[in-house]
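Quick note: the sequence shown uses the numbering used here, first residue 17, plus one each step.
Virtual Cβ for every residue (Gly too), placed ideally from N, Cα, C.
In what follows, a single structure is set out as structure tokens and then discussed.
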Amino acid sequence: MGEASTTDKSARTTAQIEADITRTRTQLAATLDELAVRVHPTTITAQVKAKAVATVEEKAGRAYVAASGLVEQARAQFVDEKGQPRKERIVPAALVGVGLVLLVASARKRRKG
17 MGEASTTDKS ARTTAQIEAD ITRTRTQLAA TLDELAVRVH PTTITAQVKA KAVATVEEKA
77 GRAYVAASGL VEQARAQFVD EKGQPRKERI VPAALVGVGL VLLVASARKR RKG
């Protein structure tokens with residue numbers, strides 16, 4: 017069996033061997049070109065940028081969905097099933113908000129004065 021393949025290879029003509037070498041050189045050149053493109057700084061920069069953009073967009077999307085859910089939950093606390101405002105909840109919340117603003121303003125005034 018080994019002799020047959022050796023015989024087949026030795027029976028190849030010079031033209032066949034040169035054609036094999038040319039084909040191998042062409043394949044090697046294509047592989048080297050592809051590697052050069054892959055390791056080129058511009059290619060690497062573009063890949064890193066694309067990954068960063070994708071990560072930011074994914075996180076922004078998740079944050080938007082989470083914020084939308086929180087806004088909807090907060091809205092549900094101040095609006096009834098018909099969409100009418102719940103005054104019994106809005107007034108106390110507004111008073112707490114005004115109180116916090118006054119407290120912060122008072123604290124800043126003390127620091128300056």
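Run of the alpha helix (DSSP H) containing residue i, from where it starts to where it stops
{"i": "residue 98", "result": "Taken as a continuous stretch (DSSP letters only), residue 98 belongs to no alpha helix (DSSP H), as it is neither H nor E."}
{"i": "residue 41", "result": "30-55"}
Beta-carbon proximity list for residue i, same chain, < 6 Å, skipping 5 on both sides
{"i": "residue 96", "result": "102"}
{"i": "residue 17", "result": "Only weak support exists for where residue 17 lies, its pLDDT of 48 falling under 50; the value from the coordinates is given anyway. Once the five neighbours on either side are set aside, residue 17 has no close Cβ partner at all."}
{"i": "residue 34", "result": "none"}
{"i": "residue 45", "result": "none"}
{"i": "residue 31", "result": "none"}
For residue j and residue i, believed in contact at Cβ under 8 Å, the rounded distance
{"i": "residue 94", "j": "residue 78", "result": "Contact flag wrong, Cβ pair sits at about 26 Å."}
{"i": "residue 59", "j": "residue 53", "result": "6 Å"}
Exposed unless 16 or more other CB atoms sit within 10 angstroms - verdict on residue i
{"i": "residue 42", "result": "exposed"}
Own chain partners of residue i with C-beta closer than 7 Å, once the 5 adjacent residues on each side are dropped
{"i": "residue 126", "result": "none"}
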